[in-house]
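Note sheet for the following structure.
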Amino acid sequence: MNEAVSPGALSTLFTDARTHNGWRETPVSDETLREIYALMKWGPTSANCSPARIVFIRTAEGKERLRPALSSGNLQKTLTAPVTAIVAWDSEFYERLPQLFPHGDARSWFTSSPQLAEETAFRNSSMQAAYLIVACRALGLDTGPMSGFDRQHVDDAFFAGSTLKSNLLINIGYGDSSKLFARLPRLSFEEAAGCCKEQTMNIVDQQTFRDAMSCMGAAVNIITTDGPAGRAGFTASAVCSVTDTPPTLLVCLNRGASVWPVFNENRTLCVNTLSAGQEPLSNLFGGKTPMEHRFAAARWQTGVTGCPQLEEALVSFDCRISQVVSVGTHDILFCAIEAIHRHATPYGLVWFDRSYHALMRPAC
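Remember, the working numbering sits 410 above the position in the sequence shown when you count from 1.
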């Protein structure tokens, strides 16, 4: 568990931090810029996409190239800042995903959807710009982020012929406190989050939701994994198809479950869909029985990912976890399917109205 930082550190990073408009003449070295990035890069991004690209401008020539793009209110403070960072986003950030996110073919998510790629790049580069600001403050520097500039001019002057597009500018240096503006107010918690709290109070209660969901029949599955974190399995009905291009399914897993750390580290799983007559196995994997006893109750094969495949399952989907999205108490595991094994079992098994039901294949 992380420990809270000291009150002094909180003041430096947040409560006493200011947007600076004037600067002392103290230079910012190359080594310091590298230290800033060394902290910034660890800020999380979606699928580790890391789309931000940064140009640090320090020379008079560079500032003159930037000058025509600046609004009048941002001109003087930018020209006198020791460093001005152009935080841009790479429209083809996904070309580095095989290196940055080697869990399935994440690149194809974005090559097939230019709009998704652009939204992901802009949103995540904005987050990375925020990490850069916090990194500067942590190292004793001050910042002045700006959106008042001609984005097209910056792109033409610095990124012509490339895949980069500017997001925002951040002046960096050691601020002159005598040139600070009066501090402006911030929204209260009630103003910023009160509407969301009210909405939460008015949504359907948990029991009503669960009773309604019991009317939705679903296949019964045992989800298994094996890898560096060990072997584990649990029973789940919250499994469904996502897309066939590329073949992908999802599995929902409670982050409070004892098996969550194992799946989170192994990054592989097998969805074993049960057939009628396997209710005892479902109950075994759905309880608190030790893992070795669960797996001892059935016969297994090893799939291409190394995960256990139930020999008598209706069908088994051998997968690698390609993306994880957290919603409420659960993680949604998006799983790229690497192999499928079907069995000629005549009866399927579904969970409906809080009980098991057998389903027979239709006659051919």
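Glycine included, C-beta positions come from ideal geometry on N, C-alpha and C.
Own chain residues within Cβ distance below 7 Å of residue i, not counting five before or after
{"i": "L423", "result": "V544, R547, A548"}
{"i": "F727", "result": "L659, C680, V681, I747, I750"}
{"i": "R704", "result": "G643, L694, F695"}
{"i": "K487", "result": "N431, G432, G554, N581"}
CA-to-CA distance, residue j to residue i, given in whole angstroms
{"i": "E471", "j": "V493", "result": "13 Å"}
{"i": "T683", "j": "Q525", "result": "35 Å"}
{"i": "K451", "j": "F503", "result": "15 Å"}
{"i": "A495", "j": "A603", "result": "32 Å"}
{"i": "H430", "j": "P671", "result": "43 Å"}
{"i": "V652", "j": "V661", "result": "10 Å"}
{"i": "T425", "j": "S416", "result": "13 Å"}
{"i": "P437", "j": "A639", "result": "48 Å"}
{"i": "L489", "j": "M537", "result": "25 Å"}
{"i": "N674", "j": "I633", "result": "13 Å"}
{"i": "I775", "j": "A527", "result": "Because the chain here runs from 411 to 774, residue 775 falls outside it and cannot be looked at."}
{"i": "A427", "j": "A706", "result": "59 Å"}
{"i": "R593", "j": "V649", "result": "51 Å"}
{"i": "Y766", "j": "L720", "result": "19 Å"}
{"i": "E441", "j": "L542", "result": "15 Å"}
{"i": "V564", "j": "I467", "result": "12 Å"}
{"i": "T635", "j": "A448", "result": "34 Å"}
{"i": "A567", "j": "V497", "result": "14 Å"}
{"i": "G738", "j": "A419", "result": "30 Å"}
{"i": "R709", "j": "P718", "result": "9 Å"}
{"i": "V714", "j": "T645", "result": "21 Å"}
Cut-off 8 Å between Cβ atoms - residues of its own chain near residue i, not counting five sequence neighbours on either side
{"i": "C774", "result": "For C774, the pLDDT reaches just 46, beneath the cut-off of 50, and the residue's location in the model is therefore unreliable, leaving the point undetermined."}
{"i": "R517", "result": "Y504, E505, L507, P508"}
{"i": "L769", "result": "A686, Y757, G758, L759, V760"}
{"i": "R775", "result": "Only positions 411 to 774 of the chain appear in the structure, and residue 775 is not among them; the question remains open."}
{"i": "G558", "result": "L480, S481, G483, N484"}
{"i": "E474", "result": "none"}
{"i": "R533", "result": "S456"}
{"i": "P690", "result": "A707"}
Sequence-distant residues of its chain with Cβ nearer than 6 Å to residue i (five each side left out)
{"i": "A628", "result": "S647, W761"}
{"i": "R752", "result": "V725"}
Residue interval of the beta strand (DSSP E) (run including residue i)
{"i": "M537", "result": "M537 -> not in any beta strand (DSSP E); alpha helix (DSSP H) instead, spanning 524 to 548."}
{"i": "F503", "result": "Where F503 is concerned, there is no enclosing beta strand (DSSP E), given that its DSSP letter is neither H nor E."}
{"i": "Q762", "result": "Correcting the residue identity first, residue 762 is Phe in this sequence and not Gln. That run of the beta strand (DSSP E) goes 757 to 762."}
{"i": "I580", "result": "574 to 583"}
{"i": "P718", "result": "718 to 720"}
{"i": "N631", "result": "631 to 635"}
Residue i: first and last residue of the uninterrupted alpha helix (DSSP H) it sits in
{"i": "W519", "result": "517 to 521"}
{"i": "I568", "result": "Contrary to the premise, residue 568 reads as Phe rather than Ile in this sequence. From DSSP, the alpha helix (DSSP H) with F568 extends over 561 to 568."}
Test: residue i CB closer than 8 Å to a CB of chain C
{"i": "L485", "result": "The structure shown has no chain C; it contains just one protein chain."}
| task | Taking 8 Å as the threshold, find out whether the segment 740 to 750 comes into contact with the segment 686 to 703 through three or more Cβ pairs. | result | These segments do not touch.
| request: Could you say if the segment 510 to 523 and the segment 584 to 600 meet the contact criterion of at least three C-beta pairs nearer than 8 Å? | output: Under the three-pair Cβ rule at 8 Å, the segment 510 to 523 does not count as touching the segment 584 to 600.
| said: To test your reading of the DSSP string, which unbroken beta strand (DSSP E) runs of 3 or more residues are found completely within the segment 664 to 716? | reply: Inside the segment 664 to 716, DSSP marks whole beta strand (DSSP E) runs of 3 or more residues at positions 678 to 683, 710 to 712, from first to last along the chain.
| said: Check whether the segment 459 to 476 and the segment 587 to 596 are in contact - that is, three or more C-beta pairs closer than 8 Å. | reply: By the Cβ rule, the segment 459 to 476 does not count as touching the segment 587 to 596, because fewer than three pairs are nearer than 8 Å.
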